[in-house]
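Dropping the structure here:
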């Protein structure tokens, strides 16, 4: 396929924009998009599926899977997808990984099946990471999986179609930071100007060119694959501003008004804690804690904890520090009990396989979710003022779901009062009805001698009123 020059494609795309786009938006004089004020009810409707989903799969996949964490005989202690940075690999050298990237064992149906059977409701995959390599067939770049690798196919197309077929929401990650684009360069001691780096600079008067390139790629992603979420990253660059973030947020929603966008589109997030600062109204729909869970619930705040299953996002052949199934399930419960979503990562190999330890853990999570998923999906945060000593709680309507990590040895589970009369209590795995009594501290539930599940057993309490 012959790619048109960037300027030509940009002009053609501008010509294809409908004059009204959608009634919710208007085009202002400088060419950016202005979104009409969204009412709380409209926002709730847009965010509804995402809030109810609670559990998603993150996929970090790209040409960095070829070196798999190792370069010139050295193994990285850092994350796999940052190899261009830690190994100080010049752009021209890094490009040589692309002809070696041939994921012939990739199976979209299998990947989506693994996510679905784990109980995940959506998939977020890297369309372009910091290395600038596009994992889709981009019209405005030849540095993509179709044009620069022997694979010559578009796995994003296959995943988008298969996700729809199996009933999962399909979503994209996209990096604002781009080490490959000709506008970017590195100015740091001991660093090659064309290598990767935490901070990059832009050549004089090239920012507009790069933003235009990003918007053209984002238009391709939104219009061709219809993602439910755009998950931005790399926004910490000094040259990126909150005004840029607001403009990009509005632009993406002009393409698809119902899309959900994270807070890394702008400058609002507070580091790895991920939640947005409160000194002004920042762009983005939800916070993004990374490798951590907030200590308590955050009323009125949408957020999603993204975490690795071992120590890396992108594949590293020697990273065997896997989280246990117990840890993953309890993380999911802890996050749901605080009103958040859990985005759990897999890093496929260059051949296109999800590592077997990830597959095994996800299957085990799925077995727990098959029994207890009702206590996660569509729930809101714990109604209790403090975290429960024995585990966590979620709520939905008249039901409180008690996730018991530490099963009571004396057969008596003391539940704090939350101000509502109890109608019934039962085991979700039964359902076996449980006796209960009320005391000054709340409710005492009589439990069987043995926990139904060694990781987390769920007791449902129904109240007489909402």
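Residue numbers (the working numbering): 117 to 582. Glycine included, C-beta positions come from ideal geometry on N, C-alpha and C. Since the model is a prediction, treat every value here as computed from it, not as a measurement.
Per DSSP, the continuous alpha helix (DSSP H) segment holding residue 364 begins and ends at 358-371. Spanning the alpha carbons of residue 279 and residue 527 requires a straight line of approximately 44 Å. In the structure shown, residue 541 adopts extended strand secondary structure according to DSSP, grouped into three states. Residue burial annotation: residue 535 is exposed, with fewer than 16 other C-beta atoms found within 10 angstroms of its C-beta.
Between residue 203 and residue 433, the C-beta gap is not smaller than 7 Å, which leaves the two residues out of contact. In the structure shown, residue 279 falls within a helical segment according to DSSP collapsed to helix, strand and coil.
One thing to note: residue 567 has its Cβ no nearer than 7 Å to the Cβ of residue 552. When the five nearest sequence neighbours on each side are left out, the beta carbons in the same chain lying within less than 8 Å of the beta carbon of residue 277 are those of 224, in order along the chain.
Taking C-beta atoms as the reference points, residue 292 and residue 350 count as a pair closer than 7 Å. Beta bridge pairing from DSSP links residue 318 with 300. DSSP places residue 509 in the strand class (E or B) of the three-state scheme. In chain order, 506 place their CB closer than 6 Å to the CB of residue 522, counting only its own chain and leaving out the 5 sequence neighbours on each side.
Secondary structure remark: continuous alpha helix (DSSP H) runs of at least 4 residues inside the stretch 412-458, in chain order: 441-453. Residues of the same chain with a CB within less than 6 Å of the CB of residue 558, apart from the 5 flanking positions on each side, are 531, 532, 533 in chain order.
Distance from the CA of residue 216 to the CA of residue 544, rounded to the nearest whole angstrom, comes to 50 Å. Listed as beta-bridge partners of residue 232 by DSSP are no residues whatsoever. A straight-line Cα-Cα distance of about 23 Å links residue 311 and residue 254.
Cβ atoms of residue 270 and residue 252 come within 8 Å of each other, at about 6 Å. A straight line joining the alpha-carbon of residue 386 with that of residue 212 spans about 36 Å.
Three or more Cβ pairs closer than 8 Å define a contact, and the stretch 346-364 meets that threshold against the stretch 315-329. DSSP places residue 529 within a strand segment (E or B) once states are collapsed to three. Taking residue 466 as reference, the option from 166, 221, 193 with the minimal CA-CA separation is 221. In the DSSP annotation of this structure, the continuous segment of the beta strand (DSSP E) that includes residue 555 starts and ends at 552-555. Within the model, the alpha-carbon separation for residue 470 versus residue 438 is close to 14 Å.
Within the same chain, Cβ atoms closer than 7 Å to the Cβ of residue 371 are found at 335, 338, 339, the five residues on either side in sequence being excluded. Take the alpha-carbon of residue 456 and the one of residue 166: they are about 10 Å apart. In this structure, residue 430 lies away from residue 189, with their beta-carbon atoms at least 7 Å apart. Straight through space, the alpha carbons of residue 177 and residue 200 are spaced by roughly 15 Å.
A Cβ-Cβ contact shorter than 7 Å links residue 405 with residue 390.
Look at residue 353 here: in three-state DSSP terms it is coil, with no helix or strand label. The beta carbon of residue 499 lies closer than 6 Å to those of 511, 534 in the same chain, with the five residues before and after it left out.
The beta-carbon distance between residue 403 and residue 427, rounded to whole angstroms, is 23 Å. This is too long to meet the 8 Å contact definition. In this structure, the beta-carbon distance from residue 382 to residue 413 does not fall below 7 Å. Closest by C-alpha distance to residue 214, out of 449, 237, 247, is 247.
Around the beta carbon of residue 468, 16 or more other beta carbons lie within 10 angstroms, which makes this residue buried. Taking residue 303 as the centre and dropping the five residues before and after it, the same chain places the C-beta of 309, 317 closer than 8 Å to its C-beta, in chain order.
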